[in-house]
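K.L.:
Mind looking over this structure? Questions follow.
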Amino acid sequence: MNLLVVGGGGREHAIIKKLRENPRVETIYALPGNGGIAQDAVCVPEIGVKNIEKIVDFAKSRSIDFAVVAPDDPLALGCVDRLHAAGIPCFGPDAKAARIESSKVFAKTLMKQHGIPTAQYRVFDDPAAALAYLRGGTSFPVVVKADGLALGKGVLIPQNLQEAEAAVKTIMEDRAFGDSGREIVIEEFLTGPEVSVLAFTDGTAIRPMVSSMDHKRAGDNDTGLNTGGMGTVAPNPYYTPEVAQICMETIFLPTLSAMRAEGCPFKGCLYFGLMLTPEGPKVIEYNCRFGDPETQVVLPLLKTDLLTVMQAVENETLGALDVEWTGGTAACVILASGGYPEHYEKGKAIALPDTLPENVTLYHAGDKLEDGRLVTSGGRVLGVTAAAPTLKEALTDAYTAAAAVEFEGKYLRRDIGRRALDALED
Ligand code: AMP
Ligand code: GLY
């Protein structure tokens, strides 16, 4: 079989490596892929993820048997709709279902109308009305979110009225996140441990994956700016079987039936960003795709063949499939370019260790080949994942391997998994 994967980060590398385990898979094309992915797939750097026309033409020209669309942008732009129209089976939601991520207003309205627990909120398309609401006795901190996709950056948490006024101005008037700031959601600030749960779903049946914990801030002890994610561990110790049961009944199944009721059944990987509040689990956000870097700790723990699961989602036969997990743990430490998520330099030569322990995998996120040499090309450069029976071992092995990778300006958080280990010891 010939497969196509749209995307070019660490998440796509993890998907590609897993798909490779299936002996029926011959060629995998990655659009655009990256320097490291080139070891596992045929990369096409000229075709970017938003170039839907070229992606579909390419898929037709290479007789692609199955396609996986991983990033949010092409999903929101209808890449899956277009591939389906061209007769190509694929994994991922259509544009209508992808609104669960691409419009926070859509997601919040869905939850409100279908009784799915989430933060209380109000929607505004007029900055004056938003400011009047904030001045009318809102409690702080409060959460201000741009409606649309904003590379994970469109969420501000003002601590007082002054900061809240500035947040509204930044998003709605200065349009710091572009048109995604035409409407905003102002919502209640929730507290509690955060859990990421990715789930395979064919619209009706659901198979939640192993839970995980992201580390979004740039600095140790959750300080500094928000990033795309500086590291992950799986499973998340706060996500006990009891919590999982509550989430299934109050959040996962109701979300699937809500999407069916809205006429846009969700097929693909649905990402539940949850907060375990004192009143129970609530949805912080939905993503219409695999998380990055959650995928880099979740897929290594998948025992069932990934292509088989993805085909069952596409064929709507997931209900008949057992999806099995190793029962172990995994940790991923992100190696970033110094300065990320703000200004950083690119083009630094990357030196990889000659050998790696069998339980360690390098997922390439932001690098490219230049005259046959691997050089940095992005903020997040590599994810170093180790799988092991215990989280402590996985973290030790991931950090040991992370120390053996070198490039100028290499930056990593030193405390990935610390909270998870503390929770396990409690
Ligand atoms: P999002 O892009 O929606 O995942 O938001 C980014 C981060 O902002 C989340 O991971 C949370 O840590 C935080 N956040 C978002 N919404 C809330 C909320 N209602 N209460 C507290 N923190 C929030
Ligand atoms: N790691 C968070 C995300 O993928 O959105």
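Numbering (this note's numbering), first residue to last: 14 to 439. Just so it is clear, CB atoms sit at the ideal spot from N, CA and C, and this is done for glycine as well.
What would DSSP say about Lys121, mapped onto helix, strand or coil?
P.N.:
Taking the sequence shown and counting its residues from 1, the one referred to as residue 121 is at position 108. Reduced to three states, the DSSP call for Lys121 is helix.
K.L.:
With respect to the alpha helix (DSSP H) encompassing Thr339, which residues constitute its N-terminal and C-terminal limits?
P.N.:
Within the sequence shown, residue 339 is the residue found at index 326, counting from 1. Taken as a continuous stretch (DSSP letters only), Thr339 belongs to no alpha helix (DSSP H), as it is neither H nor E.
K.L.:
What is the DSSP secondary structure of Cys282, counted as helix, strand or coil?
P.N.:
Looking up residue 282 in the sequence shown gives position 269. Three-state DSSP puts Cys282 in a strand.
K.L.:
Any chance you could list the beta strand (DSSP E) runs of at least 3 consecutive residues sitting entirely within the segment 287-315, in chain order?
P.N.:
Complete beta strand (DSSP E) runs here, min 3: 293-300.
K.L.:
Extract the residue ranges of the alpha helix (DSSP H) inside the segment 128-165, only unbroken runs of 4 or more that lie entirely within it.
P.N.:
For the segment 128-165, whole alpha helix (DSSP H) runs of length 4 or above, ordered along the chain, are 140-148.
K.L.:
In angstroms with no decimal places, state the Cα-to-Cα distance between Gly205 and Met288.
P.N.:
As a first step, residue 205 must be located in the sequence shown, where it is residue number 192. As a first step, residue 288 must be located in the sequence shown, where it is residue number 275. Going from the Cα of Gly205 to the Cα of Met288 covers about 6 Å.
K.L.:
Taking the DSSP output, what are the residues bridged to Val69?
P.N.:
As a working note, residue 69 is residue 56 in the sequence shown. Answer by DSSP bridge pairing: none, since Val69 is not bridged.
K.L.:
Relative to ligand 2, is the shortest distance from any of its heavy atoms to the C-beta of Asn300 smaller than 7 Å?
P.N.:
Along the sequence shown, read from residue 1 onward, the residue named residue 300 stands at position 287. Yes.
K.L.:
Ignoring anything shorter than 3 residues or poking outside the segment 232-273, list the beta strand (DSSP E) runs there in chain order.
P.N.:
Taking only runs of at least 3 residues, the beta strand (DSSP E) segments lying wholly in the segment 232-273 are 236-239 and 244-247.
K.L.:
Does the beta-carbon distance from Thr245 to Ser225 come in below 8 Å?
P.N.:
For the purposes of this step, residue 245 is identified with residue 232 of the sequence shown, where counting begins at 1. For the purposes of this step, residue 225 is identified with residue 212 of the sequence shown, where counting begins at 1. Yes, these two residues count as a Cβ contact at 8 Å.
K.L.:
How is Ser74 classed by DSSP in three states: helix, strand or coil?
P.N.:
The sequence position of residue 74 within the sequence shown is 61, counting from 1. Correct three-state label for Ser74: helix.
K.L.:
Would you tell me roughly how many angstroms separate the C-alpha atoms of Gly242 and Leu425, rounded to the nearest one?
P.N.:
As a position in the sequence shown, residue 242 is number 229, starting the count at 1. As a position in the sequence shown, residue 425 is number 412, starting the count at 1. If you take the alpha carbons of Gly242 and Leu425, they lie about 11 Å apart.
K.L.:
Taking the beta carbon of Ala145 as the centre, do at least 16 other beta carbons fall within 10 Å, making it buried, or is it exposed?
P.N.:
For the purposes of this step, residue 145 is identified with residue 132 of the sequence shown, where counting begins at 1. Ala145 comes out exposed.
K.L.:
Inspect the CB distances between the segment 338-355 and the segment 405-422 and report whether three or more fall short of 8 Å.
P.N.:
Yes, the segment 338-355 is in contact with the segment 405-422.
K.L.:
Figure out for me which residue from Asn64, Ile41 and Lys63 has the closest Cα to the Cα of Ala54.
P.N.:
Numbered from 1 along the sequence shown, position 41 holds the residue referred to as residue 54. Of Asn64, Ile41 and Lys63, the residue nearest in Cα terms is Ile41.
K.L.:
How should Lys121 be labelled, buried or exposed, when 16 other C-beta atoms within 10 angstroms of its C-beta is the threshold for buried?
P.N.:
Sequence index remark: in the sequence shown, residue 121 carries index 108 (1-based). Counting Cβ neighbours within 10 Å, Lys121 comes out buried, since at least 16 surround it.
K.L.:
Indicate the three-state DSSP secondary structure (helix, strand or coil) for Tyr376 in the structure shown.
P.N.:
Residue mapping note: residue 376 aligns to position 363 of the sequence shown, counting from 1. DSSP places Tyr376 in strand when its eight states are reduced to three.
K.L.:
If you follow the alpha helix (DSSP H) that Val87 is in, where does it begin and where does it stop?
P.N.:
Looking up residue 87 in the sequence shown gives position 74. Per the sequence shown, residue 87 should be read as Pro rather than Val. Counting along the chain, the alpha helix (DSSP H) containing Pro87 begins and ends at Asp85 to Ala89.
K.L.:
Return the bridge partner residues of Pro221 from the DSSP annotation.
P.N.:
Translated into the one-based positions of the sequence shown, residue 221 becomes position 208. Pro221 is bridged to Ala212.
K.L.:
Could you tell me whether the segment 128-136 touches the segment 263-273, where touching means 3 or more Cβ pairs closer than 8 Å?
P.N.:
In short, these stretches touch, since the Cβ pair count reaches three.
K.L.:
Could you check which residue in Arg302, Ile363 and Arg33 has the C-alpha nearest to that of Thr317?
P.N.:
Taking the sequence shown and counting its residues from 1, the one referred to as residue 317 is at position 304. Checked all of Arg302, Ile363 and Arg33; the closest Cα to Thr317 is Arg33.
K.L.:
Pull the bridge partners of Gly396 from the DSSP assignment, please.
P.N.:
Taking the first residue of the sequence shown as position 1, residue 396 is located at position 383. The partner list for Gly396 (beta bridge, DSSP) reads Ile347 and Tyr376.
K.L.:
Going by beta-carbon coordinates alone, are Ala80 and Leu17 separated by less than 8 Å?
P.N.:
Indexing the sequence shown from 1 puts residue 80 at position 67. Indexing the sequence shown from 1 puts residue 17 at position 4. Yes, Cβ-Cβ distance for Ala80 and Leu17 is below 8 Å.
K.L.:
What does Val81 pair with, by DSSP beta-bridge criteria?
P.N.:
By 1-based counting over the sequence shown, the position of residue 81 is 68. Its beta-bridge partners are Val18 and Phe104.
K.L.:
Can you list, in chain order, the residues of its chain whose CB lies under 8 Å from that of Ser390, leaving out five sequence neighbours each side?
P.N.:
Within the sequence shown, the letter at position 377 stands for residue 390. Answer for Ser390: Asn47, Gly48, Lys359, Gly360, Gly379, Asp380 and Lys381, listed in chain order.
K.L.:
Could you compute how far the alpha carbon of Asn64 sits from the alpha carbon of Asp86?
P.N.:
One-based indexing of the sequence shown puts residue 64 at position 51. One-based indexing of the sequence shown puts residue 86 at position 73. Near 10 Å, if we compare the C-alpha coordinates of Asp86 and Asn64.
K.L.:
Quick check: Ile219 and Tyr134, are their CB atoms within less than 8 Å of each other?
P.N.:
If you number the sequence shown from 1, residue 219 lands on position 206. If you number the sequence shown from 1, residue 134 lands on position 121. Against a cut-off of 8 Å, the Cβ pair of Tyr134 and Ile219 comes out as no contact.
K.L.:
Using 7 Å as the cut-off, classify the Cβ of Ile184 as near or not near the heavy atoms of ligand 1, replying yes or no.
P.N.:
Counted from its first residue, the sequence shown places residue 184 at position 171. Every heavy atom of ligand 1 is 7 Å or more from the Cβ of Ile184, so no.
K.L.:
Answer with buried or exposed for Ala43, where buried requires no fewer than 16 other C-beta atoms within 10 angstroms of its C-beta.
P.N.:
Translated into positions along the sequence shown, residue 43 becomes position 30. Its Cβ being crowded by 16 or more others within 10 Å, Ala43 is buried.
K.L.:
Which residues bound the alpha helix (DSSP H) around Thr321?
P.N.:
Indexing the sequence shown from 1 puts residue 321 at position 308. Leu319 to Glu327 is the span of the alpha helix (DSSP H), which, as asked, contains Thr321.
K.L.:
Can you name, in chain order, every residue of its own chain whose Cβ lies under 7 Å from the Cβ of Arg4, other than the five neighbours on each side?
P.N.:
One cannot answer for residue 4 here, as it falls past the ends of the chain, which runs 14 to 439.
K.L.:
Gly448 and Gly332: beta carbons closer than 8 Å?
P.N.:
Residue 448 lies beyond the range of the chain shown here (14 to 439); nothing can be said about it.
K.L.:
I need the boundaries of the beta strand (DSSP E) containing Leu387, first residue and last residue.
P.N.:
The residue given as residue 387 occupies position 374 in the sequence shown. First-last of the beta strand (DSSP E) with Leu387: Arg386 to Thr389.
K.L.:
On the DSSP bridge list, what partners appear for Glu196?
P.N.:
Translated into positions along the sequence shown, residue 196 becomes position 183. According to DSSP, which records beta bridges pairwise, Glu196 is partnered with nothing at all.
K.L.:
For Asn328, count neighbouring C-beta atoms within 10 Å of its own C-beta (all shown protein chains included) and say buried if the count is 16 or more, exposed if not.
P.N.:
If you number the sequence shown from 1, residue 328 lands on position 315. Under this definition Asn328 is an exposed residue.
K.L.:
I need the straight-line Cα distance from Ala231 to Gly100, nearest angstrom please.
P.N.:
Locating residue 231 in the sequence shown gives position 218, counting from the first residue. Locating residue 100 in the sequence shown gives position 87, counting from the first residue. For Ala231 and Gly100, the distance between alpha carbons rounds to 42 Å.
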